[in-house]
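Engineer: In this text, residue positions in the sequence shown follow the working numbering: the first is 2, and each later residue adds one. What follows is a structure written as structure tokens; I'll ask about it next.
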Amino acid sequence: ESTLWSFLTITPIMMLVSRSFAAGAVAMLPNVLPVLVIFGGMGWLGIPIDIGSMMTASIALGVAVDDTIHYLARYREELDHMQDRNQAIVATYQHCAIPTLQAAIISGLGLSVFAFSTFTPTQRFGWLMLCILIAGVVSELIMLPALLAGPLGRVFQPRATGRSLADKV
């Protein structure tokens, strides 16, 4: 239930932040993929899911959304400035890729300390957080730019004025 509630809470917030139902839904795709892949892999491999495992999905979703918001905010600024989606994607990637990777490594290594616990659910939580955060950064840095470059990326349009917030101040 916690994963469902996290998704049901975070998705409308992403839609609000994106100022569009469609843009918010597209923005959630790279955040949900890592959870689906890791938990799907666990099911496929027959790895049991316990309370420690289930907590990771909700927490990882919250952590991943932070990077997505940062990426999309920068993308909107670049798109307002350049008016070309592909150039805006490249400029955003150059600005956001290293910080996104660093945040995932720091969070993943910090939470992986739990993997050394003697309590199995806590131990599984540590390993899963590390795995989901790594899958999340891969999704964020590969899937999100691909989505923005493809047909779904058209839901993110330059602002009508063509000027960014920084230009207005």
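Using N, Cα and C, we set each Cβ at its ideal position, and we do this for glycine too.
Kindly indicate which residue of V139, V18, F120 has the alpha-carbon position closest to the one of I39.
Structural biologist: The count along the sequence shown starts at 1 and reaches residue 39 at position 38. For the residues V139, V18, F120, the minimum Cα distance to I39 belongs to V139.
Engineer: Pick from V66, S7, A147, A116: whose alpha carbon is nearest that of A89?
Structural biologist: Walking along the sequence shown from the start, residue 89 turns up at place 88. When only C-alpha atoms are compared, the closest one is A147.
Engineer: Under the three-state reduction of DSSP, which class applies to P152: helix, strand or coil?
Structural biologist: Working through the sequence shown from its first residue, we reach residue 152 at position 151. Helix.
Engineer: Just reading off the alpha helix (DSSP H) that V1 is part of, what are its end residues?
Structural biologist: It is not possible to answer for residue 1, since the shown part of the chain is limited to 2 through 170.
Engineer: Just verifying my parser: in three-state terms, what is the DSSP assignment at A118?
Structural biologist: On the sequence shown, position 117 is the one that residue 118 refers to. Ala is not the amino acid found at residue 118; the sequence shown has Ser there. In this structure, S118 counts as coil in the three-state DSSP scheme.
Engineer: If distances are taken between C-alpha atoms only, which option among L131, R20, I143, I48 comes closest to L112?
Structural biologist: Mapped onto the sequence shown, residue 112 falls at position 111. Among L131, R20, I143, I48, the Cα nearest to that of L112 is on L131.
Engineer: Using a 10 Å radius around the Cβ and a threshold of 16 neighbouring Cβ atoms, would you call R155 buried or exposed?
Structural biologist: Numbered from 1 along the sequence shown, position 154 holds the residue referred to as residue 155. Counting Cβ neighbours within 10 Å, R155 comes out exposed, since fewer than 16 surround it.
Engineer: CB F157 to CB L80, shorter than 8 Å?
Structural biologist: As a position in the sequence shown, residue 157 is number 156, starting the count at 1. As a position in the sequence shown, residue 80 is number 79, starting the count at 1. Yes, these two residues count as a Cβ contact at 8 Å.
Engineer: Would you call the segment 64 to 76 and the segment 26 to 38 in contact, with 3 or more CB pairs under 8 Å?
Structural biologist: With a cut-off of 8 Å, the segment 26 to 38 and the segment 64 to 76 count as touching, because enough Cβ pairs lie within range.
Engineer: Taking Cβ positions, are A105 and L129 nearer each other than 8 Å?
Structural biologist: By one-based count along the sequence shown, residue 105 stands at place 104. By one-based count along the sequence shown, residue 129 stands at place 128. Not a contact, by the Cβ cut-off of 8 Å.
Engineer: According to the neighbour-count rule (16 or more other Cβ atoms, all chains shown, within 10 Å of its Cβ), is T119 buried or exposed?
Structural biologist: By 1-based counting over the sequence shown, the position of residue 119 is 118. Counting Cβ neighbours within 10 Å, T119 comes out exposed, since fewer than 16 surround it.
Engineer: From this set, G44, L46, G137, which residue's C-alpha is nearest T101's C-alpha?
Structural biologist: For the purposes of this step, residue 101 is taken as the residue at position 100 of the sequence shown. Minimum Cα distance to T101 is reached at G137.
Engineer: Where does Q103 fall in DSSP's three states?
Structural biologist: Here the question's residue 103 lines up with position 102 in the sequence shown. Q103: helix per DSSP, three-state reduction.
Engineer: Which same chain residues end up closer than 8 Å to A98 when comparing Cβ atoms and leaving out the 5 residues on each side of it in sequence?
Structural biologist: For this step, residue 98 is matched to residue 97 along the sequence shown. These residues qualify, in order along the chain: L142.
Engineer: With a Cβ-Cβ cutoff of 8 Å, do M55 and T4 count as a contact?
Structural biologist: Translated into positions along the sequence shown, residue 55 becomes position 54. Translated into positions along the sequence shown, residue 4 becomes position 3. Contact: yes.
Engineer: I'd like the list of long-range same chain contacts for S7, defined as Cβ closer than 8 Å, with 5 residues on each side in sequence excluded.
Structural biologist: Counting from one through the sequence shown, the residue named residue 7 turns up at place 6. Hits under 8 Å: A58, S59, L62, G63.
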